[in-house]
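Student: Quick one: this structure, given as structure tokens, is what I'll be asking you about.
Residue numbers (this note's numbering): 1 to 173.
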């Protein structure tokens with residue numbers, strides 16, 4: 001990797017990066033050796049290099065949550081997370097929730113409650129709900145709404161999403 005820099009007040013400032021670096025990412029339990037540019041987001045790598053299109057590109061500014069994935073079990077915006085920062089961590093995308101032909105209980109509940117209207121926000125919503133359900137405790141409707149606050153939906157009005165999450169919680173506990 002070749003870095004170009006300029007001196008400003010005695011501190012180096014990176015102006016541009018050329019080339020790629022070799023990394024390995026653990027995505028949905030599988031190791032992917034990849035050549036990435038250091039500036040690439042995890043979202044770009046998931047969609048463009050790995051071919052996992054379930055993670056959506058919405059605002060590309062960490063405002064809508066459609067790009068949410070789980071990183072070591074926590075929901076993160078993949079559009080503002082550098083792929084390099086995901087090295088050595090477990091990445092779960094929407095494609096990683098199902099076990100063969102069997103979908104995850106949260107996915108079943110979303111389908112049953114009509115919590116996926118246009119479907120664009122659904123992967124991020126499901127992964128944020130999954131992270132909440134993986135925590136100990138029994139979240140109520142307000143805690144579910146708070147956990148999903150970083151995910152915007154323009155179609156459902158959230159009530160069906162909260163109901164689906166509550167149903168899954170009751171089935172799993």
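From the three backbone atoms N, C-alpha and C, an ideal C-beta is built for every residue, glycine too.
#1: Check whether the region 146-160 and the region 108-115 touch, using three or more Cβ-Cβ pairs below 8 angstroms as the test.
#2: By alpha-carbon positions, which one of 84, 24, 122, 71 ends up nearest to residue 53?
#3: How would you label residue 172, buried or exposed, when you count the other beta carbons within 10 angstroms and need 16 or more for buried?
#4: Would you be able to state if there are at least three C-beta pairs under 8 angstroms between the region 94-107 and the region 72-85?
#5: Taking the alpha-carbon of residue 57 as reference, which of 165, 109, 152 has the nearest alpha-carbon?
#6: Give the range of the beta strand (DSSP E) segment to which residue 80 is assigned.
#7: Can at least three beta-carbon pairs, one atom from the region 37-49 and one from the region 71-79, be found at a separation below 8 angstroms?
#8: In terms of DSSP beta bridges, what is residue 33 paired with?
#9: Can you say whether residue 59 is buried or exposed, counting buried as having 16 or more other CB atoms within 10 angstroms of its CB?
#10: In terms of alpha-carbon separation, which member of 141, 89, 168 lies closest to residue 72?
#11: Based on DSSP bridge pairs, tell me the residues matched to residue 69.
#12: Only counting the same chain, and skipping five residues up and downstream in sequence, which positions put a Cβ closer than 8 angstroms to that of residue 34?
#13: What number of angstroms, rounded off, separates the C-alpha of residue 128 from the C-alpha of residue 103?
#14: Which two residues bound the contiguous alpha helix (DSSP H) that contains residue 92?
#15: For the alpha helix (DSSP H) that residue 170 lies in, which residues bound it at each end?
#16: Between 93, 20, 161, 131, which has its C-alpha nearest residue 141's C-alpha?
Tutor: Inspection of the coordinates gives the following:
#1: yes
#2: 122
#3: exposed
#4: no
#5: 152
#6: Segment: none, residue 80 is in no beta strand (DSSP E) and carries neither H nor E.
#7: yes
#8: 24
#9: exposed
#10: 89
#11: 76
#12: 22, 23, 24, 25, 45, 49, 50, 83
#13: 16 angstroms
#14: Premise fails: residue 92 lies in the beta strand (DSSP E), 90-92, not in any alpha helix (DSSP H).
#15: 159-172
#16: 161
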